[in-house]
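Asker: Numbers 5 to 172, taken from the numbering used here, label the letters of the sequence shown in order. Pasting in a structure now, in structure tokens, and then I'll have a few things to ask.
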Amino acid sequence: MAAYLTRRSTLSLMAASAAVAGCEPSRFITYDGPEVTRIEVHKAARQMYLLHHETILADYRIGLGFAPTGHKTTEGDGRTPEGRYIIDRRNPNSAYYLSIGISYPNAEDRAQARDRGVSPGGDIFIHGTPREFRRAQDWTAGCISVTNREMRDIYAMVRDGTVIDLYA
Numbered sequence: 005m006a007a008y009l010t011r012r013s014t015l016s017l018m019a020a021s022a023a024v025a026g027c028e029p030s031r032f033i034t035y036d037g038p039e040v041t042r043i044e045v046h047k048a049a050r051q052m053y054l055l056h057h058e059t060i061l062a063d064y065r066i067g068l069g070f071a072p073t074g075h076k077t078t079e080g081d082g083r084t085p086e087g088r089y090i091i092d093r094r095n096p097n098s099a100y101y102l103s104i105g106i107s108y109p110n111a112e113d114r115a116q117a118r119d120r121g122v123s124p125g126g127d128i129f130i131h132g133t134p135r136e137f138r139r140a141q142d143w144t145a146g147c148i149s150v151t152n153r154e155m156r157d158i159y160a161m162v163r164d165g166t167v168i169d170l171y172a
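In structure tokens form, the structure reads like this:
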């Protein structure tokens, strides 16, 4: 873990040096530390943890949907899902800097929405934060937001297929 922290510090220093030199740091960095085996999101605490088994590799303060309490059930409800999902895609050209997709809605979410005659929504991501929302807390349509610098690390560390547990 100490090697990871040193590498992270080095990456931050490189990014800061590039910014001072007038260049935007690359969105894409490499990560050679322990595998992220699971992500935990604690909505009430606004915290997200990247874990290697039971060891926390990184933690982040997060923003959520504009109506964060409760499980996402309906398109447009502003809620962030709760439950177990997987990271199932990535978007290097996201309108929100970089993003990794969460497999919401699952079969149960779709069935419950169908029974109520509504759409469950979709396109839930972990993503960066545009300038106009940098001081906002819960502003997304149901996604999880972090800073752009943090999103570079997350994008490098998390692989498709990683389990994500979202708790109230």
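All C-beta atoms in this analysis are idealised placements derived from N, C-alpha and C, irrespective of residue type, glycine included.
Buried or exposed: which applies to residue 91, given that a residue is buried once 16 or more other Cβ atoms fall within 10 Å of its Cβ?
Answerer: Answer is buried; the Cβ neighbour count reaches 16.
Asker: CA-CA distance, residue 169 and residue 45?
Answerer: Between residue 169 and residue 45, the C-alpha separation is close to 6 Å.
Asker: Which word fits residue 105, buried or exposed, when buried means at least 16 other C-beta atoms lie within 10 angstroms of its C-beta?
Answerer: The residue in question, residue 105, is buried, as its Cβ has 16 or more Cβ neighbours within 10 Å.
Asker: When the Cα of residue 76 is compared with those of 36, 157 and 114, which residue comes out closest?
Answerer: Among 36, 157 and 114, the Cα nearest to that of residue 76 belongs to 114.
Asker: Excluding the 5 residues preceding and the 5 following residue 152 in the sequence, name in chain order all residues of the same chain whose CB lies nearer than 6 Å to its CB.
Answerer: Same-chain partners within the cutoff: 101 and 132.
Asker: How should residue 48 be labelled, buried or exposed, when 16 other C-beta atoms within 10 angstroms of its C-beta is the threshold for buried?
Answerer: Residue 48 comes out exposed.
Asker: Along the beta strand (DSSP E) that carries residue 95, what are the first and last residues, could you check?
Answerer: Residues 87 to 95.
Asker: Excluding the five sequence neighbours on either side, which residues of its own chain have a C-beta within less than 8 Å of the C-beta of residue 126, listed in chain order?
Answerer: Contacts found: 79, 108 and 109.
Asker: Measure from the alpha carbon of residue 66 to the alpha carbon of each residue in 160, 158, 166 and 150, then state which is nearest.
Answerer: Answer by Cα proximity: 150.
Asker: Is the beta carbon of residue 146 closer than 8 Å to that of residue 74?
Answerer: Going by C-beta atoms, residue 74 is not nearer than 8 Å to residue 146.
Asker: Who are the Cβ neighbours of residue 155 in its own chain at under 6 Å, not counting the five residues just before and after it?
Answerer: Closer than 6 Å at Cβ, skipping near neighbours: 101, 102 and 132.
Asker: Threshold first: 3 residues or longer. Then list the beta strand (DSSP E) segments lying entirely within the region 42 to 77, N to C.
Answerer: With a minimum length of 3 residues, the continuous beta strand (DSSP E) runs that stay inside the region 42 to 77 are 42 to 46, 51 to 56 and 59 to 65.
Asker: Quick check for students: name the residue ranges of the beta strand (DSSP E) that lie wholly in the region 119 to 167, counting only runs of 3 or more.
Answerer: List check, beta strand (DSSP E) in window: 128 to 131.
Asker: Using the three-state DSSP reduction, which class does residue 81 fall into: helix, strand or coil?
Answerer: Three-state result, residue 81: coil.
Asker: Residue 36: which of 167, 171 and 161 sits nearest, CA to CA?
Answerer: Cα-wise, what sits closest to residue 36 is 161.
Asker: Anyone know if the C-beta pair for residue 128 and residue 85 falls short of 8 Å?
Answerer: Yes, the Cβ-Cβ distance between residue 128 and residue 85 is below 8 Å.
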